[in-house]
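In the numbering used here, the protein residues as written are 587 to 831. Every residue gets a Cβ at the ideal spot worked out from N, C-alpha and C, and that includes glycine.
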């Protein structure tokens, strides 16, 4: 009988540290599958963030670097410019990318750097205790906003995909999720498209993922998926926001 399932070669045989119900593991799997299918494992370099995915280098079988908090796009820029033959991607959360690293990602996209960013948005600082993030929804409770996010005081949540799409520089910008199988299929196609644009040397690319954080949300994995669908997707709609010319 033929095998219908096997572990991607790009994915290490290593248990992860992620909480039950966290979607980082699914996104890792999709990345590994795409890298294998494109045949680029031997020339791929990932850049890990400061955040829940800080140990991402343990979970893949290709080269990885660790960047200072928020500086993954700067490191990716340096690697890609020195070695344009490499496939370079950053893997970042909302604290790393949308807070301390906001300037880095905007200017990298605006310069049209030819690397790919995987952006995981779960609306909280997952690693450090569930504090309010730039992407925390209006009224959402966190450890630093126990009464809910007050947009009169701290402003509206930042929509990264829409923000980067407003830049005139050509880019591929999309928002996906892996909450259910139908979304996972679309997400994999988006990752492959983003890497293909990089392989062709065409443009900067970013794939944003609407994700869950059951632990810091105080929900079960199933409850977290339902909450994300009902609350996050209306504010962070899925789709392709920018295509290169």
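Close beta carbons around residue i, own chain, < 6 Å, minus the five adjacent residues each side
i	result
residue 647	596 and 598
residue 760	776, 793 and 826
residue 783	758, 789 and 791
DSSP bridge partner residues for residue i (one or two, in chain order)
i	result
residue 759	792 and 828
residue 678	705
residue 597	646
residue 748	Per DSSP, none; premise fails for residue 748.
residue 633	651 and 676
residue 718	710
residue 544	Nothing can be reported for residue 544: it is not among the residues displayed for the chain, which extend from 587 to 831.
Inter-residue CB distance, residue i and residue j (contact presumed, cutoff 8 Å)
i	j	result
residue 717	residue 710	7 Å
residue 602	residue 645	6 Å
residue 700	residue 666	6 Å
residue 788	residue 830	5 Å
Own chain partners of residue i with C-beta closer than 7 Å, once the 5 adjacent residues on each side are dropped
i	result
residue 814	765, 796 and 798
residue 774	616, 619 and 620
residue 737	724
CB of residue i within 8 Å of CB of residue j, strictly
i	j	result
residue 635	residue 800	no
residue 722	residue 743	yes
residue 692	residue 613	no
residue 680	residue 658	no
residue 753	residue 708	no
residue 688	residue 637	no
residue 791	residue 676	no
residue 762	residue 824	yes
residue 720	residue 684	yes
residue 664	residue 690	no
8 Å Cβ shell around residue i - same chain, five flanking residues per side excluded
i	result
residue 649	630, 631 and 632
residue 770	612, 616 and 764
(Q) Is it the case that the segment 666-684 contacts the segment 625-633, given that we only count it when at least three CB pairs across the two stretches are under 8 Å? (A) yes
(Q) Under 8 Å, with one C-beta from each stretch per pair, do the segment 617-625 and the segment 810-824 reach the 3-pair mark? (A) no
Q. Given 8 Å as the limit, is there contact between the segment 769-789 and the segment 744-759, that is, 3 or more CB pairs closer than that?
A. yes
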